[in-house]
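Residue numbers (the working numbering): 34 to 105. Take a look at the structure below.
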């Protein structure tokens, strides 16, 4: 199975989610691109944390899609 080089910033974000009692997973095109050996720059995370929880965990959050359950 291929492995993915996960940027340190994303590893740190995952630790924050875990310390707050949540799970986070890499999803989307960046995973696909990495598995193909292509450059990945637009990383997405899926989590069981609600947007309100994410806004408590991280200082810089943009509620771009808060009505749809997403934040940036």
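Glycine included, each C-beta is placed from N, C-alpha and C at the ideal position. All figures in this text were calculated on a predicted structure; none of them were measured in a lab.
Cβ pair residue i, residue j closer than 8 Å
i          : j          : result
residue 68 : residue 39 : no
Buried or exposed (CB count within 10 angstroms, at least 16 for buried), residue i
i          : result
residue 57 : buried
residue 50 : buried
residue 82 : buried
residue 73 : buried
residue 35 : exposed
When the options are compared against residue i, the one with the closest alpha-carbon
i          : options        : result
residue 90 : 36, 74, 47, 65 : 47
residue 55 : 62, 85, 93, 37 : 85
residue 80 : 43, 35, 37     : 43
residue 37 : 96, 52, 53, 65 : 65
residue 61 : 71, 45, 76     : 76
residue 88 : 101, 105, 78   : 105
residue 78 : 63, 71, 70, 96 : 63
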